[in-house]
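Protein chains in written order, with our numbering: chain A, 30 to 378; chain B, 30 to 378. Yeah, the Cβ is synthetic: ideal placement off N, Cα and C, and Gly gets one too. The structure displayed is predicted, hence computed values, not measured ones. Take a look at the structure below.
2 protein chains.
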Amino acid sequence: MSTAKRGSAVTMHEVAARAGVSIKTVSNVVNGYQYIRPATKERVEAAIADLGYQVNLSARNLRRGRTGIIGLAVPELSLPYFAELADSVIRAADARGLTVLIEQTGSVRERELDVLSGQRRHLTDGLIFSPLELGPQDAEALHVDYPMVLLGERIFGGPADHVTMNNVEAARAATQHLLDLGRRRIAVIGAHEGETVGSAALRVQGYRQALEEAGLPVDPALIGEAGLWHRATGAETMERLLDSGVEIDAVFGLNDALALGALHVLHARRIDVPGQIAVIGFDDIEETAYSSPTLTTVAPGREQIATTAVDLLLARIEELEPGKPFAQVITDFEIVGRESTLGEQAPAV
Amino acid sequence: MSTAKRGSAVTMHEVAARAGVSIKTVSNVVNGYQYIRPATKERVEAAIADLGYQVNLSARNLRRGRTGIIGLAVPELSLPYFAELADSVIRAADARGLTVLIEQTGSVRERELDVLSGQRRHLTDGLIFSPLELGPQDAEALHVDYPMVLLGERIFGGPADHVTMNNVEAARAATQHLLDLGRRRIAVIGAHEGETVGSAALRVQGYRQALEEAGLPVDPALIGEAGLWHRATGAETMERLLDSGVEIDAVFGLNDALALGALHVLHARRIDVPGQIAVIGFDDIEETAYSSPTLTTVAPGREQIATTAVDLLLARIEELEPGKPFAQVITDFEIVGRESTLGEQAPAV
Chain A
30 MSTAKRGSAV TMHEVAARAG VSIKTVSNVV NGYQYIRPAT KERVEAAIAD
80 LGYQVNLSAR NLRRGRTGII GLAVPELSLP YFAELADSVI RAADARGLTV
130 LIEQTGSVRE RELDVLSGQR RHLTDGLIFS PLELGPQDAE ALHVDYPMVL
180 LGERIFGGPA DHVTMNNVEA ARAATQHLLD LGRRRIAVIG AHEGETVGSA
230 ALRVQGYRQA LEEAGLPVDP ALIGEAGLWH RATGAETMER LLDSGVEIDA
280 VFGLNDALAL GALHVLHARR IDVPGQIAVI GFDDIEETAY SSPTLTTVAP
330 GREQIATTAV DLLLARIEEL EPGKPFAQVI TDFEIVGRES TLGEQAPAV
Chain B
30 MSTAKRGSAV TMHEVAARAG VSIKTVSNVV NGYQYIRPAT KERVEAAIAD
80 LGYQVNLSAR NLRRGRTGII GLAVPELSLP YFAELADSVI RAADARGLTV
130 LIEQTGSVRE RELDVLSGQR RHLTDGLIFS PLELGPQDAE ALHVDYPMVL
180 LGERIFGGPA DHVTMNNVEA ARAATQHLLD LGRRRIAVIG AHEGETVGSA
230 ALRVQGYRQA LEEAGLPVDP ALIGEAGLWH RATGAETMER LLDSGVEIDA
280 VFGLNDALAL GALHVLHARR IDVPGQIAVI GFDDIEETAY SSPTLTTVAP
330 GREQIATTAV DLLLARIEEL EPGKPFAQVI TDFEIVGRES TLGEQAPAV
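Rendered as structure tokens:
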């Protein structure tokens with residue numbers, strides 16, 4: 030039975046102490062240096078095995094070459110948008126000879142900060158990072174000494190290349206789609222109260238703009254909060270809005286999972302979609318083309334986001350243009366009209 | 030502009046030639062050996078940068094310690110089952126201080142073989158592998174010199190720990206669920222003609238057993254082929270079965286994506302589910318609790334699969350019980366009854 034500790038708490042110093050050799054000798058063994066007496070080498074290897082010492086691939090070493098691995102940090106793979114994005118990034122990376130190390134942050138700020146500073150960075154040539162929780166107070170943490178591309182709005186004027194979509198414009202277009210169909214009481218699902226940056230705030234802003242341009246009031250009773258953007262929270266918020274008795278003829282789910290949760294509740298309550306309430310989502314995950322009814326949504330150009338991010342990162346890794354200013358690439362979006370707003374007239378998938 | 034080649038084709042020999050030093054000197058620089066003249070070191074580092082040399086973390090070096098990273102190879106993250114499984118594996122690994130390197134094989138045999146022998150293995154302490162395409166002829170490739178846990182049926186008597194579910198039993202129970210509801214013309218979607226091992230063959234076998242035990246004939250016209258187990262192929266197969274004119278009162282999708290594709294077609298053709306045709310899937314992906322109607326399915330114990338696989342792998346990595354015979358762990362399953370078979374009587378989600 031090994032006395033190994035879990036994690037990376039064991040230091041080279043402890044290995045040296047146990048083996049009765051200098052740290053330099055441990056380093057030589059770990060680095061595969063040839064001129065070490067076999068007996069010494071064996072003692073060090075036994076100490077490493079006993080203690081469960083983890084090789085510390087120091088940044089110093091790896092900066093001299095490349096591992097061919099890039100990191101991708103996303104909130105959760107169980108959210109289809111991020112699973113499909115990861116799929117696209119892996120394919121784009123693969124086509125360029127790169128492997129992808131995926132990390133999940135679970136939308137927790139501390140874990141997002143860990144991603145930036147964590148030991149895993151020593152194993153990767155660069156990072157594609159989709160932060161959800163970092164705020165302006167974390168801008169300093171984004172000053173990193175490795176190539177990084179951020180996905181999402183450039184909300185901190187951050188020191189990195191960004192790939193994003195125009196959330197305000199896209200949300201305005203989604204709302205306009207509902208207005209064009211004659212809807213006037215459009216509920217929102219997924220707002221984050223008090224948030225001023227981030228996707229929720231920007232999408233609500235686009236919604237407000239569309240209503241204001243149409244000369245319609247913004248009714249706070251129609252704006253449904255939902256912290257997490259999951260199917261379950263979408264369903265809960267839809268229930269709450271319906272139970273409040275507010276008049277609703279359309280729903281804008283700020284992502285597809287929220288909209289699909291809302292559809293589920295409308296179906297359960299026998300409310301006709303789109304007859305009584307039209308529904309639009311955001312992301313164009315594959316599921317939206319198969320739900321009943323199929324879901325109208327905003328396609329954010331996932332393939333374009335993935336290939337652009339990988340290409341930007343690779344250019345930084347290879348230092349193709351040293352000192353090039355950080356870029357912000359804004360990808361295209363389009364409204365994909367389906368049954369949940371168009372009903373029978375919707376084109377077949 | 031760097032002359033870097035993409036990929037890892039650059040050898041240490043080329044770096045040495047360009048820098049005008051010996052291979053041993055390049056090795057010393059890469060490994061961070063201290064006693065190198067600064068001018069020499071600079072020449073080598075310049076050559077590494079110019080050529081885009083990738084550090085080759087040889088298995089020899091890493092076998093002496095651990096990286097804290099495990100590999101997870103799955104067919105596709107865009108299939109929700111594998112995205113949700115990856116999520117569970119990442120959480121289980123994270124709780125044990127491990128990071129997960131995800132690789133996609135795209136269900137291509139050559140890529141599955143690459144996973145086993147690829148250079149990425151040098152970066153990981155072990156591998157959790159869900160092969161779909163490897164057959165008995167590939168059994169030799171499974172004899173690897175690193176810790177590995179296989180997900181899926183132990184179809185080759187393979188030399189590794191296995192975590193699997195009883196596909197035959199689970200498919201028999203799914204079919205029995207439909208028989209208990211009085212269905213007699215049960216179509217299958219997702220069969221693989223000519224296959225004798227693998228999930229498709231085993232699930233069709235369970236279907237046949239249930240019919241035979243009920244004294245019902247197996248009608249080949251009811252067995253729908255679908256190579257890939259996607260929503261799109263499920264929809265196509267459902268269309269084909271309906272167009273064939275064969276009498277159908279239930280559908281067993283061999284995974285949820287296939288069943289959801291079938292539901293989509295039944296909805297489009299205004300066929301009542303479960304009134305006219307009951308539908309059951311397999312996997313219990315989250316989407317099945319939100320589709321309209323909600324989808325009855327087989328829950329394969331995803332969390333149990335993930336935690337068991339990580340624990341088995343960790344035991345091998347830490348050599349807790351050296352020489353322990355390879356285990357096959359069979360996880361529990363259950364039928365989750367929802368609207369697509371039970372209709373109005375289905376319990377709320």
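{"Asked": "Contact test: B:GLU139 Cβ vs the ligand GDP heavy atom, cutoff 7 Å", "Found": "Among the ligands in the structure shown, none appear at all, so the ligand GDP cannot be discussed."}
{"Asked": "Inter-residue CB distance, A:ILE8 and A:LEU270 (contact presumed, cutoff 8 Å)", "Found": "Any answer about residue 8 of chain A is impossible in this case: the structure gives chain A only from 30 up to 378."}
{"Asked": "Test item: CB-CB of A:THR370 and A:ALA286 under 8 Å", "Found": "no"}
{"Asked": "B:THR225 burial status per 10 Å Cβ neighbour count (16 or more: buried)", "Found": "exposed"}
{"Asked": "Per-residue DSSP class, three states only, for B:GLN357", "Found": "strand"}
{"Asked": "B:PRO176 beta carbon less than 8 Å from that of B:ILE334", "Found": "no"}
{"Asked": "Spatially closest choice to B:LEU106 from A:TRP258, A:VAL58, A:ALA115, by CA coordinates", "Found": "A:ALA115"}
{"Asked": "Min CB distance B:THR134 to chain A below 8 Å", "Found": "no"}
{"Asked": "Secondary structure of B:ASP190, DSSP reduced to three states", "Found": "strand"}
{"Asked": "Any chain A beta carbon closer than 8 Å to B:GLY81", "Found": "yes"}
{"Asked": "Contact set between the segment 280–308 of chain A and chain B, restricted to residues whose Cβ is under 8 Å from the partner", "Found": "LEU289, GLY290, LEU292, HIS293, HIS296, ALA297"}
{"Asked": "Pairwise C-alpha distance: A:PHE362 and B:GLY263", "Found": "28 Å"}
{"Asked": "Contacting positions in the segment 318–349 of chain B - beta carbon closer than 9 Å to chain A", "Found": "ALA318, TYR319, SER320, SER321, PRO322, THR323, LEU343, GLU347, GLU348, LEU349"}
{"Asked": "Nearest neighbour of B:THR134, chosen from B:GLY147, B:GLY235, B:ARG213 [CA to CA]", "Found": "B:GLY147"}
{"Asked": "Bounding residues of the alpha helix (DSSP H) (the contiguous stretch that carries A:THR370)", "Found": "368–371"}
{"Asked": "From B:GLU373, B:THR337, B:VAL44, residue whose alpha carbon lies closest to that of B:VAL192", "Found": "B:THR337"}
{"Asked": "Contacting positions in the segment 257–271 of chain B - beta carbon closer than 7 Å to chain A", "Found": "ARG260"}
{"Asked": "Three or more C-beta pairs below 8 Å linking the segment 289–309 of chain B and the segment 203–221 of chain B", "Found": "yes"}
{"Asked": "Counted within 10 angstroms of its Cβ, other Cβ atoms place B:SER31 as buried (16 or more) or exposed", "Found": "Residue placement at B:SER31 is flagged as unreliable, the pLDDT there being 40, under the threshold of 50; the coordinate-derived value follows with that caveat. Exposed is the call here."}
{"Asked": "Those residues which DSSP pairs with A:GLN238 across a bridge", "Found": "Paired residues: none, contrary to the question."}
{"Asked": "Contacts that A:ARG138 makes with chain B (C-beta to C-beta distance below 7 Å)", "Found": "In chain order: nothing, as chain B lies at least about 16 Å away."}
{"Asked": "Buried or exposed (CB count within 10 angstroms, at least 16 for buried), B:HIS259", "Found": "buried"}
{"Asked": "Burial state of B:VAL302, where buried means 16 or more other Cβ atoms lie within 10 Å", "Found": "buried"}
{"Asked": "Any chain B beta carbon closer than 8 Å to A:THR69", "Found": "no"}
{"Asked": "Candidates A:ARG213, A:ARG214, A:ARG212, A:GLN234: closest to A:GLU222 by CA position", "Found": "A:GLN234"}
{"Asked": "Assumed close pair A:GLN205, A:ALA230 - CB separation to whole angstroms, cut-off 8 Å", "Found": "So it is not a contact: roughly 19 Å between Cβ atoms."}
{"Asked": "Cutoff 7 Å; reference A:PHE111; Cβ partners in own chain excluding five residues on either side", "Found": "VAL103, PRO104, GLU105"}
{"Asked": "Backbone CA spacing between B:PRO109 and B:HIS42 [nearest angstrom]", "Found": "45 Å"}
{"Asked": "Under the three-state DSSP convention, the category A:PHE362 falls into", "Found": "coil"}
{"Asked": "Whether B:SER320 touches A:SER136 by CB criterion (8 Å)", "Found": "no"}
{"Asked": "Any chain A beta carbon closer than 8 Å to B:ALA76", "Found": "no"}
{"Asked": "Own chain partners of A:GLU348 with C-beta closer than 6 Å, once the 5 adjacent residues on each side are dropped", "Found": "none"}
{"Asked": "Beta strand (DSSP E) segment containing A:PHE311, residue limits", "Found": "Unbroken run through A:PHE311: none, as it is neither H nor E."}
{"Asked": "Inter-residue Cα distance where the pair is A:ILE157 and A:GLU139", "Found": "18 Å"}
{"Asked": "B:ASP116 at chain A interface by Cβ criterion, 8 Å", "Found": "yes"}
{"Asked": "Same chain only: Cβ atoms within 6 Å of B:ARG201, ignoring 5 sequence neighbours per side", "Found": "GLY235, GLN238, ALA239"}
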